[in-house]
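Here the sequence shown is numbered in full-length UniProt numbering, starting from 1 and rising by one per residue.
Presented below is the structure to which this report refers.
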Amino acid sequence: MTSTISKTIPLSVPTIKNNEWKYVKECLDTGWVSSAGPFVDRFEQNICALTGAGYAVACINGTAALHTALQIVGVQPEDEVIVPTVTFIAPVNTIRYIGAYPVFMDCDDFYNLDVLKAKEFIERETIFKDGHSYNRKTGRCVRAIVPVHVFGNAVDLQNLIPICNEHNIKVVEDASESLGTYYNTGTLEG
1 MTSTISKTIP LSVPTIKNNE WKYVKECLDT GWVSSAGPFV DRFEQNICAL TGAGYAVACI
61 NGTAALHTAL QIVGVQPEDE VIVPTVTFIA PVNTIRYIGA YPVFMDCDDF YNLDVLKAKE
121 FIERETIFKD GHSYNRKTGR CVRAIVPVHV FGNAVDLQNL IPICNEHNIK VVEDASESLG
181 TYYNTGTLEG
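Shown next as structure tokens:
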């Protein structure tokens, strides 16, 4: 006799009630349901206030935001981008949209990118020449790393950023699952 587990535990259940429902209705009633309007401006201002950033740009979703960020830091076709093995598909898709290649890095006990393994990869498996790091095996430029803060857990940026700076590997954080998480009992700016 076999049994199956039929109960699903969803990762996220949307809840739209009270003020949220009022604001959604206001957007629908006024026609401000796209990339502009008073709620978008207010959202961007609130994100700046929450994070200490000098500016914020609302995007349609995290995939679009990551795609834009990777282009801003200079990821090009044939480059490589380090990404954790445990993540939503968006970081990998954005890397491939550009024509670059993901380099999968194992995760730590908190399901985040394992900073020690990333550091070991950068130090042992890349060579630094002409101001950039190149994968010894593929010859491709390792242009960026995307630490994904999952389930509200912050990646150990204090140890990741210095090695990336030393090897000119741009850090593009995916904090879509951890907005409001404190890093090192404080905030990280810069």
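All residues carry an ideal CB built from backbone N, CA and C; glycine is no exception.
The shortest CA-to-CA distance from residue 87 to any of 44, 40, 63, 15 is the one to 63.
Per the C-alpha coordinates, the member of 178, 137, 144, 142 positioned closest to residue 153 is 178.
When the beta-carbon positions are compared, residue 73 and residue 102 stay at least 8 Å from each other.
Secondary structure remark: continuous alpha helix (DSSP H) runs of at least 4 residues inside the stretch 43-107, in chain order: 62-72, 90-98. The residue among 10, 11, 42 with its C-alpha nearest the C-alpha of residue 23 is 42. When the beta-carbon positions are compared, residue 39 and residue 27 come within less than 8 Å of each other. Between the stretch 137-149 and the stretch 102-118, the count of Cβ pairs shorter than 8 Å is three or higher; the stretches touch. Contact check for residue 104 against residue 75 fails: the beta carbons are separated by 8 Å or more.
For the pair residue 90 and residue 66, the CB atoms are nearer than the 8 Å cut-off.
For residue 126, the enclosing beta strand (DSSP E) stretches over residues 126-129.
Distance from the CA atom of residue 163 to the CA atom of residue 174, rounded to whole angstroms, is 18 Å. In the DSSP assignment, residue 145 falls within the beta strand (DSSP E) that extends over 142-145. Annotation: residue 157 to residue 97 spans about 26 Å, alpha carbon to alpha carbon. The three-state secondary structure of residue 115, taken from DSSP, is helix. The Cβ neighbour count for residue 114, taken over all protein chains shown within 10 Å, is at least 16; the residue is labelled buried. Comparing alpha carbon positions, the residue from 107, 135, 33 closest to residue 60 is 33. Remark: C-beta atoms of residue 136 and residue 127 approach each other more closely than 8 Å. Residue pairing from DSSP leaves residue 13 without any beta-bridge partner.
By DSSP's assignment, residue 134 forms a beta bridge with 127, 141.
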